[in-house]
Amino acid sequence: EPEVTQTPSHQVTQMGQEVILRCVPISNHLYFYWYRQILGQKVEFLVSFYNNEISEKSEIFDDQFSVERPDGSNFTLKIRSTKLEDSAMYFCASSEGDSWGYTFGSGTRLTVV
Amino acid sequence: KQEVTQIPAALSVPEGENLVLNCSFTDSAIYNLQWFRQDPGKGLTSLLLIQSSQREQTSGRLNASLDKSSGRSTLYIAASQPGDSATYLCAVLTIIGANNLFFGTGTRLTVIP
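Just so you know, the sequences run in chain order C and R.
Numbers in the numbering used here are just positions in the first sequence, counted from 1, shifted up by 2.
Numbers in the numbering used here are just positions in the second sequence, counted from 1, shifted up by 156.
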């Protein structure tokens, strides 16, 4: 069964450093998403991406965040200057269409110290 | 804004029992509803997807129902096994802000051997 692949599985970074989280969505999917889950809280939406541009973003997704699809397979989330409160599990997801089911990756646990 | 609630927050049952997990949502204008499984510290595994025009979906021992007009879904697990122990998340894809999947806080299920 096709999978969404995320790397790394765990990243520890110092406050103020830049991090890039990487995702390889399912190859025939057209819509890509980032979500995050702070420990003990709900999974929450960050951003959606379609046709090489952001289609929607939440209020969490401020100027410190950016996304990119640098080639035909990768989809990245960059946090420019990490804060302690950015510590969370970050999930990438993809879907064939904007009203279809989502397939999620196994997540990247980001720890900011 | 869509609010998704899951009851109970935690459930412990002996092996072999049938059980029902509940999910309710406030905005019935949805494309679909997905049930996910999350093991501790792990990713989100999609279990069942119900489109808004459907009433139920089945996969093995799992059956999910959807009553869109009342804003409710149930996940029925038959003949529970210790391997079913996990957190079960319900998520709805709303029509307004279609790129936003709203998650509940989950039900943590423990099946006792």
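Built from N, CA and C at the ideal position, the CB exists for glycine as well.
Query, Result
"For P4/C versus I28/C, is the C-beta distance shorter than 7 Å?", "yes"
"Are the region 85–101 of chain C and the region 40–56 of chain C touching, with three or more C-beta to C-beta distances below 8 Å?", "yes"
"Quick check: what's the CA-CA separation for S2/C versus N30/C?", "Outside the shown range of chain C (3 to 115) lies residue 2/C, about which nothing can therefore be said."
"Strictly below 8 Å CB to CB, what residues from chain C border N256/R?", "F47, S50, E58, S60"
"List in chain order: all unbroken beta strand (DSSP E) runs of 3+ residues lying wholly within the region 218–257 of chain R.", "218–223, 228–233, 242–250"
"Is S209/R buried or exposed, if buried means 16 or more other CB atoms sit within 10 Å of its CB?", "exposed"
"Can you give, in chain order, each stretch of the beta strand (DSSP E) that sits fully within the region 44–110 of chain C and has at least 3 residues?", "45–52, 55–59, 67–70, 77–81, 90–97"
"Answer with buried or exposed for T214/R, where buried requires no fewer than 16 other C-beta atoms within 10 angstroms of its C-beta.", "exposed"
"According to DSSP, simplified to helix, strand and coil, what is E5/C?", "coil"
"With E159/R as the anchor, note down where its beta strand (DSSP E) starts and where it stops.", "Where E159/R is concerned, there is no enclosing beta strand (DSSP E), given that its DSSP letter is neither H nor E."
"Chain R partners of S108/C, CB-CB under 8 Å?", "K198, G199"
"May I ask you to list, following chain order, the residues of the region 73–85 of chain C that have a beta carbon less than 9 Å from some beta carbon of chain R?", "none"
"Here's the rule: buried if 16 or more other CB atoms are within 10 angstroms of the residue's CB, otherwise exposed. What is K157/R?", "exposed"
"Under a three-way DSSP split, which group does P170/R fall into?", "strand"
"Per DSSP, what kind of secondary structure is N178/R in: helix, strand or coil?", "strand"
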